[in-house]
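Residue numbers 1464 to 1851, in the working numbering, belong to the letters of the sequence shown in order.
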Amino acid sequence: MSRAVFLASLPVMAVMVMAGKPPVVSLSRVPEGGIQPQVVEGMDGRIHMLYFQGDPKGGDLYYVQAGPPGEFSKPLRVNSQPGSAIAMGTIRGGQIAIGRNGRVHVAWNGSNSALPQGMVNPESGKPGSPMLYARMNDEGTAFEPQRNLMTRTFGLDGGGTLAADAEGNVYVAWHGKERNAEKGEAGRRVWVAESHDGGKTFRPEIAAWKEPTGACGCCGMSMFSTHEGKLLALYRSATREIHRDIYLLASEDDGKSFHGSLVQRWEINACPMSSMSFAESRGAAVAAWETGGQVYYGEVKEDRVARPVAAPGEGKGRKHPRVARNAKGETLLVWTEGTGWKRGGSLAWQLFDRDGNAIGEKRSVAGVPVWSFGSAAARADGTFAIYY
């Protein structure tokens, strides 16, 4: 893969809470006025970013590498068909993962005009949105043409996700329905399409878990591959319409089978349009999610999420948690406050030590755009970077 040349430089704010010399946290704007940043740390320590630009109903995804705070490489458009990505609703945007030899993999919910189209939804009689995928070419100069990975499922709504590992495995997941499924959200399940050749080909999707939990239709998902090769996923259920609980799925056989565990309950007869995230450092994975207006994170131990740690203060209107962890085991939790349908808000964050104790005070800054959120990464020197 080619090495990036950093061109763009944007304003940066560095924040340090002076109690016990905690790590520095730098804040940078997404380049080119983009929204919905997704960042991931590569095996070599480089930070890779995906962001959205354009009409929220049908825009484009761009990939950059993040250098020193505020500096980014020249953007590469990911989607081969202009306008085939979507930002409206906040949770249906692109997801990024780094696989074997540093190859970049991206998956996203297609817009209404996206091609290839999704399967015909027998409940509506119309083609549905596709679950699209593209990977960086061998030269590292552009992305290959986008592909739809939905071959037997329909009803794509909430955002899909993906994960990749150093062995050449790539997984794209979403929740949807198959023919003759139970009506409503109760008939939704998590589906996974697997590739074992670095994304060159994918097998038809299979149901990840047999338990009839349903899936919250307009909620997102998150998937993550640990350095040990374990595959993890978070999703929100929709059992009997009111049990919108967070579940953790785990696979130790390259996605062939999954087992699940309840993370946190939430009874609400509505779709909260929530999202989740993962991070890892020194063999310890952490997950982050939202319940009842509050955001949480917890360490994944023995395929379960250990004691949930809540963001400090009143949990009201907090959404889209993102998590990062450095080599010391310190965790940065980032979330939005006050965002909603067609409404921006503010960005908040809190540092925690390795035992889950808050370091310093919660910090916040205004200026999260409509349909957007923040994202976080841990740098090799132990500092943290936030992008919004």
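The beta carbon of each residue, even a glycine, is placed where N, CA and C say it ideally should be.
Secondary structure of R1509 (DSSP, three-state): coil.
Nearest neighbour of D1818 by Cα position, chosen from G1801, C1681 and A1769, turns out to be A1769. Within the same chain, and ignoring the five residues on either side of G1801 in sequence, the residues whose Cβ sits closer than 7 Å to its Cβ are G1780, G1808 and S1809. Under a 10 Å Cβ-count criterion, A1790 is classified as exposed, with fewer than 16 other Cβ atoms of the shown protein chains found around its own Cβ.
Going by DSSP, F1535 is part of the beta strand (DSSP E) stretching over E1534 to S1536. Apart from the 5 residues on each side of it in sequence, T1846 sits with its Cβ closer than 8 Å to the Cβ of P1486, V1487, V1488, S1489 and N1789 in its chain, given in chain order. A straight line joining the alpha-carbon of A1829 with that of F1836 spans about 11 Å.
In this structure, the beta-carbon distance from M1506 to A1529 does not fall below 8 Å. The Cβ-Cβ distance between G1661 and G1562 falls below 8 Å.
Nearest Cα to V1567 within the set I1510, S1536 and M1599: M1599.
Apart from sequence neighbours up to five positions away, the residues of its chain that approach T1754 with a beta-carbon distance below 6 Å are Q1727 and W1729, ordered along the chain. Sequence-distant partners of G1677 (beyond 5 residues in either direction) whose C-beta falls short of 6 Å from its own C-beta, in its chain, are E1648, A1649, R1651, S1700, A1701 and T1702.
By the criterion of at least three beta-carbon pairs nearer than 8 Å, the segment 1567-1585 is not in contact with the segment 1703-1712. About 5 Å separates the beta carbon of S1688 from that of L1694, a gap short enough to meet the 8 Å contact definition. In the DSSP assignment, P1531 falls outside any beta strand (DSSP E), carrying neither H nor E.
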